[in-house]
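Engineer:
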Amino acid sequence: MKNQSRVLNGRLWKVLIFMGIMVACLAIRFDFYYDLNDDTAIRDILSGRYTGEPSGYCIQMLYPLGWLIAAAYRAIRKISWYGLFLCACQFGVLALIAWRLLLVTKKVWLQVILLILEGVLAFGLMGRELVILQYSVTSGLCMAGAVFWYLTTPRDQKPAPYLRGNLAAVVLVLIAFMIRTEVCMMLLPFLALAGLSQWSKETKPFAGTNVRKYLMIAGSAFLGILILYSIDSFAYRSTEWKSFRTFFDARTNLYDFYGIPDYDRNEEFYQSIGLSRESYTLLQNYNFALDDSIDESLLERIAQYQRENAGNGGTLYRMDGFVCKNSPKEALWLYKQHLLTVENGIKTGIILAAYLLYFLLASGRRKSGCCWRVLSLFVIRSALWMYLYMVNRVLTRVTVPLLIMEFALLAGWIIQEIQTLDTSSRINIMKISGVITLLGLSGLTGAVINMENTGKEYDMRLEADARWNTLTEYCSHNPKQYYSIDVYSSTSYQGTPYADKIFAASDNQYTNYDICGGWIAKSPLIRAKQERAGFKGLEEALLTGQALFVVKPDSDVNWLGAYYQNRGKTVEPKVTDEVKTADGETIYLIYQLQ
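Residue numbering for the sequence shown follows our numbering, starting at 66 and increasing by one per position.
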């Protein structure tokens, strides 16, 4: 017993030292960042920056998780709980993987090599995402960790011990589901393949014990998902939240998948639903929070119109009822172009190396099992990649989870094959050495390129955020005023997104500014924020001077006057102040309607 405890403690110390080195390697060069304004918006809701009180209704994440993080903010407001949670999830998954790798061998020198290999591959596949955090990627990494943990759990156990041994995998799936439901669901086919792979290796797969063993794990995950989803649905049961969720889904369909049809070519349709050209402009420039008439019913009708007219010579393609932006042929061409870029090519090279090594390691009767597993994996990943290109949603925050999930599955299979090899055989030792060497070289190449690009992006973010922070400081120095920021002016500087450092000092108090659109617009949260500012409805607040409008200097604001003119109110936007950098450059203009 003492010996077992000593072994566990030794393994724990190795993992802690390894993770400390990984974090230190990143922290010496970088501060940790939120990736996009989506992440900072979630942070603002949870921390109380948005409405003044921490709220679990953060829209993008399920309520149980949102409630827990908001409760942490209520307890200690100044800690960056949301960012800390994302970091804990990502580095926690890497720690769990390291724990499993230490079980592969008892030789310390080989354990060190395996941990170095993990670090190199992590930096090669997702070095940027370990520095610049995005909640969708965190969800994907949790799913990848679940698959790896599951595949490296010994199968020769009875149902109850096998379930206990895989509780970590089940918990990771549930965390992924709460963080980003869509990413979790997208990656479930990989998890199903992992389960099928393990079950097929049983000598008697249809024996009652084996059937129960695998159904208990699948059932536990499904039951957990059902409970979490039910709690979330109950939390959002009010009429206001149901209405907003309908609006949110319709907005997502339009902006992310269908696009907004041109007004001139579809003027008859727009007139039939009561949408003026001036209000249409708000949909185009994302400032739709200004217009109360743009509601869930209107957006649903536009989305339905797009679906019905897909394939009729417009911008959308229809294939057996499936509406998308690109045909399969176009999607395939775009995917090939994607692979030609250096960074994406290196990541794909790491994945291909893993495929090759798994196939080479499998021998004898296991070769046939290897073939169907590789073929199934290739079909799943190809279907998902084709889908992304057909709907034109090939975003880093979606593709990185796909890549790391695919690699996690292959890595689990490779370890299974290594554990079956006779390590006294010189040929097998050469195979294992070849696997480590090839993966190490692939990962090292990817890590060098990935971290170099991350450094460049990090420096650009420092420049971009200096501008954004100048604006937020200006707003905080004028607490009695409320500022509505043009959406396009709030997203990026020279293509680099505005975001915040995760662990920058902050008291997480109410902020007197908001963007004039985005995914929080039309929600009960924005109403609470506006009520705290002393008004109801942005349209009237801008008209009375209770709110001021903020844009970049090169932005056209004629649409703002035209919008009010269409409502019988003659106004003219006048510049009342300028936000300048320390060297005197004007970066934002403050407008008041007169």
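By construction, the Cβ of each residue, glycine as well, lies at the ideal position given by its N, Cα and C atoms.
Fair warning: this is a prediction, and the values are worked out from it, not measured in the lab.
#1: Asp100 and Ile197: beta carbons closer than 9 Å?
#2: Compute the Euclidean distance between the alpha carbons of Gly15 and Asn391, then round it to the nearest angstrom.
#3: Using 8 Å as the Cβ pair cut-off and three pairs as the minimum, do the segment 640-658 and the segment 524-535 touch?
#4: Unbroken beta strand (DSSP E) runs of length 3 or more, entirely within the segment 594-631: which are they?
#5: Would DSSP call Thr651 helix, strand or coil?
#6: So what's Glu643 in DSSP terms, helix, strand or just coil?
#7: Taking all protein chains shown into account, decide if Leu73 is buried (16 or more other Cβ within 10 angstroms of its Cβ) or exposed.
#8: Cutting at 6 Å between CB atoms, please list the residues of its own chain near Asp16, excluding the five before and the five after it.
#9: When the Cα of Thr485 is compared with those of Ala135, Thr217, Asn102, which residue comes out closest?
#10: Strictly by DSSP, which residues pair up with Thr561?
#11: Starting from Met384, follow its DSSP beta bridges and name the residues at the other end.
#12: Give the DSSP-derived three-state secondary structure of Gln263 in the structure shown.
#13: Strictly by DSSP, which residues pair up with Gln657?
#14: In the DSSP assignment, find the beta strand (DSSP E) that holds Tyr323 and state where it starts and stops.
#15: Note the first and the last residue of the continuous alpha helix (DSSP H) segment covering Tyr539.
#16: Quick check on DSSP: helix, strand or coil for Leu590?
#17: Is Val444 buried or exposed, if buried means 16 or more other CB atoms sit within 10 Å of its CB?
#18: Is there contact here, the segment 175-191 with the segment 461-475, by at least three beta-carbon pairs under 8 Å?
#19: For Tyr99, write down the residues that DSSP places opposite it in a beta bridge.
#20: CB Phe313 to CB Ile124, shorter than 9 Å?
#21: What would DSSP say about Asp314, mapped onto helix, strand or coil?
#22: If you pair each beta-carbon of the segment 505-524 with each one of the segment 541-549, do three or more pairs fall below 8 Å?
#23: According to DSSP, what are the bridge partners of Lys566?
#24: Is it the case that the segment 100-119 contacts the segment 557-568, given that we only count it when at least three CB pairs across the two stretches are under 8 Å?
#25: Which ranges does the alpha helix (DSSP H) cover as unbroken runs of at least 4 residues, wholly within the segment 115-181, from first to last along the chain?
#26: Taking the straight line between their C-alpha atoms, what separation do you get for Tyr653 and Leu613?
#27: Counting Cβ pairs closer than 8 Å, one from the segment 345-356 and one from the segment 290-306, do we hit at least three?
#28: Tell me which residue opens and which closes the alpha helix (DSSP H) that Ser571 is part of.
#29: Take the Cβ of Gln630 as the centre, count every other Cβ of all protein chains shown within 10 Å, and call the residue buried at 16 or more, exposed below.
#30: Quick check: what's the CA-CA separation for Ala136 versus Lys601?
#31: By DSSP, does Asp551 sit in helix, in strand, or in coil?
#32: With the cut-off set at 9 Å, would you say Tyr138 and Pro119 are in Cβ contact?
#33: Pick from Ser489, Met451, Val500: whose alpha carbon is nearest that of Leu425?
#34: Name the two residues that bound the continuous beta strand (DSSP E) containing Asp579.
#35: Report the three-state DSSP secondary structure of Trp584 (helix, strand or coil).
#36: If you follow the alpha helix (DSSP H) that Thr485 is part of, which residue opens it and which one closes it?
Structural biologist: According to the structure data:
#1: If you number the sequence shown from 1, residue 100 lands on position 35. If you number the sequence shown from 1, residue 197 lands on position 132. Yes. Within cutoff.
#2: Because the chain is modelled from 66 through 659, residue 15 falls outside the range shown and cannot be assessed.
#3: yes
#4: 612-616
#5: Your numbering for residue 651 matches position 586 in the sequence shown. Strand, per DSSP.
#6: Indexing the sequence shown from 1 puts residue 643 at position 578. If DSSP states are grouped into helix, strand and coil, Glu643 belongs with the strands.
#7: Taking the first residue of the sequence shown as position 1, residue 73 is located at position 8. Flag for Leu73 reads exposed.
#8: This structure cannot settle anything about residue 16, because the visible part of the chain is limited to 66 through 659.
#9: Walking along the sequence shown from the start, residue 485 turns up at place 420. With distances taken between Cα atoms, Thr485 lies closest to Thr217.
#10: In the sequence shown, the residue the question calls residue 561 occupies position 496. Paired residue(s): Tyr558.
#11: For this step, residue 384 is matched to residue 319 along the sequence shown. BP columns for Met384 point to Phe387.
#12: Position 198 of the sequence shown, counted from the start, is the residue given in the question as residue 263. Helix, per DSSP.
#13: Mapped onto the sequence shown, residue 657 falls at position 592. Gln657 pairs with Lys639.
#14: For the purposes of this step, residue 323 is taken as the residue at position 258 of the sequence shown. Careful: Tyr323 lies outside any beta strand (DSSP E) and carries neither H nor E.
#15: Here residue 539 refers to the residue found at position 474 of the sequence shown. 491-541 is the span of the alpha helix (DSSP H), which, as asked, contains Tyr539.
#16: Start at 1 with the first residue of the sequence shown, and residue 590 comes out as number 525. In the structure shown, Leu590 sits in a helix (DSSP, three-state: H, G or I).
#17: Stepping through the sequence shown from its first residue, residue 444 is reached at position 379. With fewer than 16 Cβ atoms within 10 Å of its Cβ, Val444 is classed as exposed.
#18: yes
#19: Taking the first residue of the sequence shown as 1, we reach residue 99 at position 34. According to DSSP, which records beta bridges pairwise, Tyr99 is partnered with Leu198.
#20: Translated into positions along the sequence shown, residue 313 becomes position 248. Translated into positions along the sequence shown, residue 124 becomes position 59. Contact flag set, yes.
#21: Numbered from 1 along the sequence shown, position 249 holds the residue referred to as residue 314. Three-state DSSP puts Asp314 in a helix.
#22: no
#23: Counting from one through the sequence shown, the residue named residue 566 turns up at place 501. Answer is Tyr98, bridged to Lys566.
#24: yes
#25: 128-140, 146-166
#26: Taking the first residue of the sequence shown as position 1, residue 653 is located at position 588. Taking the first residue of the sequence shown as position 1, residue 613 is located at position 548. So the two alpha carbons sit approximately 12 Å from each other.
#27: no
#28: To locate residue 571, count along the sequence shown from 1; it is residue 506. Premise fails: Ser571 is in no alpha helix (DSSP H) and is neither H nor E.
#29: As a working note, residue 630 is residue 565 in the sequence shown. Burial call: exposed.
#30: Against the sequence shown, residue 136 aligns to sequence position 71. Against the sequence shown, residue 601 aligns to sequence position 536. Roughly 28 Å separates the two Cα atoms.
#31: The residue labelled residue 551 in the question sits at position 486 within the sequence shown. Three-state DSSP puts Asp551 in coil, outside helix and strand.
#32: Against the sequence shown, residue 138 aligns to sequence position 73. Against the sequence shown, residue 119 aligns to sequence position 54. The answer is yes: Cβ separation under 9 Å.
#33: The count along the sequence shown starts at 1 and reaches residue 425 at position 360. It is Val500 whose Cα lies nearest to the Cα of Leu425.
#34: For the purposes of this step, residue 579 is taken as the residue at position 514 of the sequence shown. First-last of the beta strand (DSSP E) with Asp579: 578-580.
#35: What you label residue 584 is simply residue 519 of the sequence shown in a count that begins at 1. Three-state DSSP puts Trp584 in coil, outside helix and strand.
#36: Position 420 of the sequence shown, counted from the first residue, corresponds to residue 485. That run of the alpha helix (DSSP H) goes 461-485.
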